[in-house]
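Colleague: The numbering of the sequence shown is my numbering, which starts it at 1 and goes up by one. We treat Cβ as the ideally placed atom computed from N, Cα and C, and that holds for glycine. Let me give you the structure first, and then I'll get to my questions.
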Amino acid sequence: MNIKAIFSCKTTNWETPQDLFDELDKQYNFTLDVCATSENAKCNEFFTPEIDGLKQEWKGMCWMNPPYGREIGKWVRKAHLEVITGRCRIIALLPARTDTKWFHEWVLNKHEIKFIKGRLRFSDSKNSAPFPSMLVIFEGRP
């Protein structure tokens with residue numbers, strides 16, 4: 001088994017599967033995609049890397065599918081802190097990495113977690129993801 005290949009990836013950006021987003025959007029009516037590109041934004045209002053959602057104030061019903069690299073902890077922390085302000089709710093699509101520092105510090109016992117059964121096939125991928133996924137519902141509980 002090639003462990004190096006399992007944990008390596010050409011990109012940290014995994015575009016949200018449109019069918020998953022559409023199903024969630026029916027329930028939550030998203031208004032802001034907090035980390036997107038012009039090509040993959042799921043909402044009319046969105047923050048691009050140039051705008052840097054980490055430096056912006058988030059409002060409304062937010063969708064977050066952050067880059068899955070080393071910076072992911074910054075996005076999860078930002079989501080946790082933003083909902084505490086009461087200006088927004090956030091639904092995040094995240095890799096189910098329950099062994100990470102960011103998961104224990106900013107998600108576990110703080111926000112609702114919904115594990116996704118099976119492996120997602122992200123929009124720009126021929127194969128299913130090499131990792132499990134989860135939805136985290138950030139709702140302002142400290």
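For the 8 Å Cβ check, are there 3 or more pairs between the segment 17-34 and the segment 49-69?
Modeller: As far as the Cβ criterion goes, the segment 17-34 touches the segment 49-69, which means the pair count is three or higher.
Colleague: For Ser133, count the other beta carbons within 10 Å of its own beta carbon; 16 or more makes it buried, fewer makes it exposed. Which is it?
Modeller: Within the sequence shown, the letter at position 133 stands for residue 133. Its Cβ being crowded by 16 or more others within 10 Å, Ser133 is buried.
Colleague: CA-CA distance, Lys101 and Glu45?
Modeller: The residue labelled residue 101 in the question sits at position 101 within the sequence shown. The residue labelled residue 45 in the question sits at position 45 within the sequence shown. Those two C-alpha atoms are separated by around 30 Å.
Colleague: Return the Cβ separation of Val83 and Val107 in integer angstroms, given the expectation that the two are a contact with Cβ distance under 8 Å.
Modeller: Here the question's residue 83 lines up with position 83 in the sequence shown. Here the question's residue 107 lines up with position 107 in the sequence shown. Not a contact, Cβ separation roughly 12 Å.
Colleague: DSSP state of Trp58, grouped into three classes?
Modeller: Position 58 of the sequence shown holds residue 58. In the structure shown, Trp58 sits in coil (DSSP, three-state: anything other than H, G, I, E or B).
Colleague: I'd like to know whether the C-beta atoms of Ile72 and Leu24 end up nearer to each other than 8 Å.
Modeller: As a working note, residue 72 is residue 72 in the sequence shown. As a working note, residue 24 is residue 24 in the sequence shown. No. Outside cutoff.
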